[in-house]
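Visitor: Line by line, the protein sequences are chains A and B. Each residue of the first sequence is one higher than the one before, starting from 1 at the first, in this note's numbering. Each residue of the second sequence is one higher than the one before, starting from 1001 at the first, in this note's numbering. Structure in structure tokens, see below.
Number of protein chains: 2
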Amino acid sequence: MSAPRTLDRTLLALADPTRRAILQRLSSGEARVTDVAQPFKMSLNAVSKHILVLERAKLVHRRKVGRDHFLSYRAEPLEAAAQWIEQTRHFWANRLDTLGKLLRDEDKNK
Amino acid sequence: MSAPRTLDRTLLALADPTRRAILQRLSSGEARVTDVAQPFKMSLNAVSKHILVLERAKLVHRRKVGRDHFLSYRAEPLEAAAQWIEQTRHFWANRLDTLGKLLRDEDKNK
DNA sequence: TTTACATTCAACCAAACGGTTGAATATATT
DNA sequence: AATATATTCAACCGTTTGGTTGAATGTAAA
């Protein structure tokens, strides 16, 4: 199905506090690159690079209007990541349940 | 509470297919480093490094018995990551709901 | 005690990350 | 036409990543 690279990119993009803060910032609607960068101590260029990483992961969409680039949040990749994590969690929950059961059964047979 | 570094490390550790495969492998119980490395095409040393990353993220625990190191999966970091993602998803779901409502209200007032 | 095995450590490498500064490009404004 | 603004591109730098090979360490087995 989905190339694992997609999940790689999503998780990698989320594994940075600056980028998570950028996503947070976009909750109050679209914002231009400069506006997004404003609260951060780093240079505009640095923020621009972070935005590229978020774009590559499709967590952010860019709409160009003249010289302004309006950025907005896209939910799909986070949904997909959540799905993977939930799957894995349930998988493990079952695994651990089974192991627990096996251990209890072993105990009984002593 | 938890330093954001923890979440960073967890997501970073998960953002690699080899490391996700290692976690998968550990579902059938504890395994030694050599056993974990066996299915991969890369060198044992490379896998050893991946294990270090998983350990740093506390997704894997190491139990040394003589020359063997037994690795096992730890659920907590994935739980924490899942929690963060769920929070963020709900946050965004509400945000988008609100925006939708605002747009509908605007329409009515036309 | 020699030999085999399990694992890490150390050094190296190429590529990516996260940041900087300075120049280029494209669009607005005057 | 000149100037200011928004953004990226390009080059650079130090650190990290993901891999390699070879040596060192610690433990088990002959």
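Positions of the beta carbon are idealized from the N, C-alpha and C atoms, including for glycine. Everything numeric in this text was worked out from a predicted model, so none of it was measured.
Kindly indicate which residue of S28(A), S27(A), I51(A) has the alpha-carbon position closest to the one of A37(A).
Guide: Among S28(A), S27(A), I51(A), the Cα nearest to that of A37(A) is on I51(A).
Visitor: Is there a Cβ of chain A sitting closer than 9 Å to that of I1051(B), yes or no?
Guide: With 9 Å as the cut-off, I1051(B) does not count as an interface residue toward chain A.
Visitor: Our contact map puts L1071(B) next to L1026(B) with C-beta atoms below 8 Å; I'd like the distance itself, whole angstroms only.
Guide: About 6 Å; that satisfies the 8 Å criterion.
Visitor: Would you please state the rounded distance, in angstroms, between the beta carbons of L1054(B) and I1022(B)? I believe it to be under 8 Å.
Guide: Indeed they touch by this definition, with Cβ atoms about 6 Å apart.
Visitor: Can you tell me whether P39(A) is buried or exposed, with buried defined as 16 or more other CB within 10 angstroms of its CB?
Guide: It is exposed - the Cβ of P39(A) has fewer than 16 other Cβ atoms within 10 Å.
Visitor: Run the CB neighbour count on T10(A), radius 10 Å, all protein chains shown included, and call it buried at 16 or more, exposed below.
Guide: T10(A) is buried by the Cβ-count criterion.
Visitor: Thinking just about the alpha-carbon of each residue, which of D16(A), R89(A), T88(A), L78(A) is nearest to the one in K58(A)?
Guide: Checked all of D16(A), R89(A), T88(A), L78(A); the closest Cα to K58(A) is L78(A).
Visitor: My guess is that A1013(B) and R1019(B) are in contact by the Cβ rule of under 8 Å, so how many angstroms apart are they, rounded?
Guide: Indeed, because the Cβ distance is near 6 Å, the residues count as touching under 8 Å.
Visitor: When you check each C-beta in the segment 11-41 of chain A against every C-beta of chain B, which residues fall closer than 9 Å?
Guide: From the segment 11-41 of chain A, only L11, L12, A13, L14, A15, D16, P17, R20, L23, Q24, S27, S28, G29 have a Cβ closer than 9 Å to chain B.
Visitor: Check whether the Cβ atoms of S1048(B) and V1033(B) sit closer than 9 Å, and answer yes or no.
Guide: Result yes, Cβ atoms of S1048(B) and V1033(B) sit closer than 9 Å.
Visitor: Taking just the CA atoms, how far does F1091(B) sit from E30(A)?
Guide: The alpha-carbon atoms of E30(A) and F1091(B) are separated by roughly 16 Å.
Visitor: Could you have a look at Q38(A) and say whether DSSP puts it in helix, strand or coil?
Guide: Looking at Q38(A) - three-state DSSP - the assignment turns out to be coil, as it is neither helix nor strand.
Visitor: Taking 9 Å as the cut-off, decide whether the C-beta atoms of A82(A) and A1082(B) are in contact.
Guide: Yes. Within cutoff.
Visitor: Anything in chain B within Cβ reach of R89(A), meaning under 9 Å, just list it in chain order.
Guide: Within 9 Å Cβ-Cβ: A1075, L1078, E1079, A1082.
Visitor: Do Y1073(B) and V1060(B) have their C-beta atoms within less than 9 Å of each other?
Guide: Cβ atoms of Y1073(B) and V1060(B): closer than 9 Å.
Visitor: Expressed to the nearest angstrom, what Euclidean distance is found between the alpha-carbon atoms of H69(A) and H1069(B)?
Guide: Whole-angstrom Cα-Cα distance: 52 Å.
Visitor: Could you spell out where the alpha helix (DSSP H) holding S1048(B) opens and where it closes?
Guide: Segment 1044-1056, the alpha helix (DSSP H) holding S1048(B).
Visitor: Shorter than 9 Å from the beta carbon of L1007(B) to some beta carbon of chain A?
Guide: Taking Cβ atoms only, chain A reaches closer than 9 Å to L1007(B), which makes this a yes.
Visitor: Taking 8 Å as the line, does the beta carbon of L1012(B) fall inside it for any heavy atom of the ligand SAM?
Guide: The model depicted lacks the ligand SAM and carries no ligand whatsoever.
Visitor: Alpha carbon to alpha carbon, how far is P17(A) from R1056(B)?
Guide: Those two C-alpha atoms are separated by around 18 Å.
Visitor: Where does the unbroken beta strand (DSSP E) through R62(A) begin, and where does it stop?
Guide: Unbroken beta strand (DSSP E) run through R62(A): 60-65.
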